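Chemist: Okay, so the sequence shown: first residue is 1 according to full-length UniProt numbering, each after it adds one.
Got a structure for you, questions after.
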Amino acid sequence: MNSRIGSVVIESVRPEVDGGRSGVKRVVGDTFTVKADLFKEGHDILVAVVRWRQSSPAAQQTQWSEVPMRALGNDLWAADFPLARNGRYEYTVEAWPDLFATWASELKRKVDVGRDVRSELLEGAGLLEGAAERARAFSTEDAQVLAEAARKLKQPPSPDLIAVALAPELARAAGRYADRSLATQYERVLEVFVEREKARTGAWYEFFPRSALRDGRTHGTFKDAEAWLPYVQSLGFDIIYLPPIHPIGVTARKGKNNSLKAEPGEPGSPWAIGAKEGGHKAINPALGTLADFRHFLQAADVHGIEIALDLAFQCSPDHPYVKEHPEWFLRRPDGTIKTAENPPKRYEDIVNFDWMGPGRDTLWPELESVVLHWVTQGVRIFRVDNPHTKPLQFWAWLIRRVQEVHPEVVFLSEAFTRPKVMKALAKIGFSQSYTYFTWRNFKQEIEEYLTEITSPPVSEYFKGNLWPNTPDILPEMLQRSGPGGFRLRVALAATLSSSYGIYCGYELCEARGLHGKEEYLDSEKYQLVAWDLDRPGNIREWITKLNAARKQHRALQLYDNLRFYTSDNERVLFYGKRTEDGSSQVLVTVSLDPHSAQEAVLTVPLAELGIHPDETYQVHELMTDERRLWQGPHAQVRLTPEQPAAIWAVYRFRKSEHAFDYYE
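Right, here's the structure in full:
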């Protein structure tokens, strides 16, 4: 038995989140790069590998694969492996001294200065004999080659013998069967969860099917909502997010503008889930049947649209759970059930679960079955309502269990809460997260915040989905900015992140708010709304062009490639995105002034774009379809409320046999 132990030090393995307690996120098709600092005392030549495998429930674990790490200098090493399939992967690092390569290097130096190397050759023979013994289980041919070389090295030194000892092919053969009893393994096995493309890239559109008839009086159905699909498709959105589609409770039902008493015929808030017709696995009868919902999913797919469903784990007092499982709910000392509160707000029509109480052993599996029920119907994306008001332990348990069976399921966290809580939700499994973008309006705060969430270490686990409005939030900026504000905010959302969304009415510049609040007047959360999709002053064409640019240019579909550049005007933002290979390069400038024209001189990042200072290059402005030739590091732009953003695809020129062709 070899009593020696290894002494390689492995540290600063990255990516790694919170000491391996949380996994990192990637998308199918990505190449995953692992880096680490590796070193050892002395001058030994080191060999290192990244060990990786796709992880699944224990009974189906795949075998470990290995990819050699390459030395990058200053003791930094790296290796890549492909993420070919949706699901969870494991990876770690292992390193060891290459005893024969180290021996050969020292031998050459001694030979070069005329040293007697008879003892060294015997040492080399011993190393080769050990390698030959290890090779026998894998390759008889390699074992014979190594054993024969060992025999030769026991002969008296000669130039020919030194040439045999230093032959590169001999070092490679010995290296294939290294003594890995001296290896050091990194103390942690890390995880990367590989999601499908929709977890990174998507244009979301939210609307209420119950307003599908658009007259503000007649409750729409899923069949009526199918008529919206061509409209949403024409705008360029590929995900439709539906608020809860379940039966709505009657007890304490909210009326128009969140009034405490609903008038006869008022539909109530869809987030007050559960009535005599059923709960979280049921369909609101006013919308149709489960078969109608499945037909809606199929119709959406025909239009290239995927349906995201709201996942709101809360109940109306009328929910069947309340009677069937009283142990699942919190009660006051007087025995009454607790309603949801966030003082000064109170939601009399909603009661919350006792998440960590004695009933959790049956509550949690039931809620898991809710998710799996809708997955069975064909839903693969869930927007999760207020996850920060439920225990993180529950979400970690639920998401992992669902994705072990259905790794294609995407979870969007709707948590406008404290930054550390938002990040913690991302770490425990949420694919995407709502962000503070909704309230970032000035240049410095936009640059600082978006740089933070799109750069490591945050971007390793947090993917921001940017929403300029939601049914809950009509920001003050939109209430007072006019169409110019709506244009610039959606331009920012669509180009700063690879995922963004709008709530219906945004394209119509709907800006009627409750006085003194960031809430809609006549909110669709509590009533049917009459939408005139052809309303004068709408910005449908602007949004359509934004989504077309996103689909045409790969750089805009990636998340962690955002870089900010210099603009000499504090009211003009300048940034860009590019693919790693440079095949797609996009520059974006957006005015932050919704009321007046703004001019700026932009400093173009020529070096990042691979453009020489004296080189002429072409830019194609995607919102106006104008093409221009630029040269040098500066460009001037004028933006207006009617045209507050410019998106340039950047092309360089190359010579062909007959003419000059441009290419990205």
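Every residue, glycine too, gets a C-beta built ideally from N, C-alpha and C.
Here the structure is a predicted model, which means the values were calculated and not measured.
#1: Are the CB atoms of Ile-305 and Leu-229 nearer to each other than 8 Å?
#2: Less than 8 Å between CB atoms is the rule here; does Ile-240 satisfy it with respect to chain C?
#3: Near Arg-628, which residues of its chain fall below 8 Å by C-beta distance, leaving aside the five closest residues on each side in sequence?
#4: Can at least three beta-carbon pairs, one atom from the stretch 412-421 and one from the stretch 430-449, be found at a separation below 8 Å?
#5: Given 8 Å as the limit, is there contact between the stretch 474-481 and the stretch 444-459, that is, 3 or more CB pairs closer than that?
#6: Would Glu-524 and Leu-235 be called neighbours here (beta carbons separated by less than 8 Å)?
#7: My assumption, with CB atoms under 8 Å, is that Glu-352 sits in contact with Gln-298. Please give the rounded CB distance.
#8: Assuming the contact rule is C-beta atoms closer than 8 Å, Glu-366 and Arg-401 should be a hit. Round their C-beta distance to whole Å, please.
#9: Return yes when the Cβ of Ala-286 is within less than 8 Å of the Cβ of His-219, no when it is not.
#10: Cβ atoms of Lys-261 and Asp-318: under 8 Å apart, would you say?
#11: Quick one: is Thr-31 buried, meaning 16 or more other Cβ sit within 10 Å of its Cβ, or exposed?
#12: Name the two residues that bound the continuous alpha helix (DSSP H) containing Pro-320.
#13: With DSSP collapsed to three states, give me the class of Asn-465.
#14: State the DSSP-derived secondary structure class of Asn-342, mapped to helix, strand or coil.
#15: Rounded to the nearest angstrom, what separates Glu-16 and Glu-510 at their Cα positions?
#16: Can you give me the Cβ contacts of Asp-472 inside the same chain, cut-off strictly under 8 Å, excluding the 5 residues immediately before and after it?
#17: Can you name the residues that DSSP bridges to Cys-509?
#18: With respect to the beta strand (DSSP E) encompassing Ser-65, which residues constitute its N-terminal and C-terminal limits?
#19: Which term fits Ile-239, buried or exposed, when burial requires 16 or more other beta carbons within 10 angstroms of its beta carbon?
#20: If you reduce the DSSP assignment to three classes, tell me which class Arg-652 lands in.
#21: What residue range does the beta strand (DSSP E) around Tyr-503 cover?
#22: Does the beta-carbon of Trp-64 have 16 or more other beta-carbons within 10 angstroms, so that it is buried, or is it exposed?
#23: Residue range of the beta strand (DSSP E) that Glu-626 falls in?
#24: So for Thr-336, helix, strand or coil by DSSP?
#25: Does DSSP put Gly-516 in a helix, in a strand, or in coil?
#26: According to DSSP, what are the bridge partners of Phe-329?
#27: Looking only at its own chain, which residues have a Cβ that is under 7 Å from the Cβ of Arg-14, when we skip the five neighbours before and after it?
#28: State the beta-bridge partners of Ala-646 as determined by DSSP.
#29: By alpha-carbon positions, which one of Pro-267, Asp-18, Tyr-565 ends up nearest to Val-189?
#30: Out of Val-24, Asp-301, Asp-75, which has the shortest C-alpha to C-alpha gap to Asp-37?
Modeler: In short, the structure shows the following:
#1: yes
#2: Chain labels in this structure do not include chain C; a single protein chain is all it has.
#3: Gln-618, Val-619, Glu-621
#4: yes
#5: no
#6: no
#7: Per the sequence presented here, residue 352 reads as Asn, with Glu not at that position. Actually they are not in contact, since the Cβ atoms of Asn-352 and Gln-298 sit about 35 Å apart, beyond 8 Å.
#8: The Cβ separation is near 13 Å, so there is no contact.
#9: yes
#10: no
#11: exposed
#12: 320-324
#13: strand
#14: strand
#15: 44 Å
#16: Glu-519, Lys-525
#17: In DSSP, Cys-509 forms no bridge with anything.
#18: 65-68
#19: buried
#20: strand
#21: 499-503
#22: exposed
#23: 626-631
#24: coil
#25: coil
#26: Phe-353
#27: Lys-35
#28: Thr-589
#29: Asp-18
#30: Asp-75
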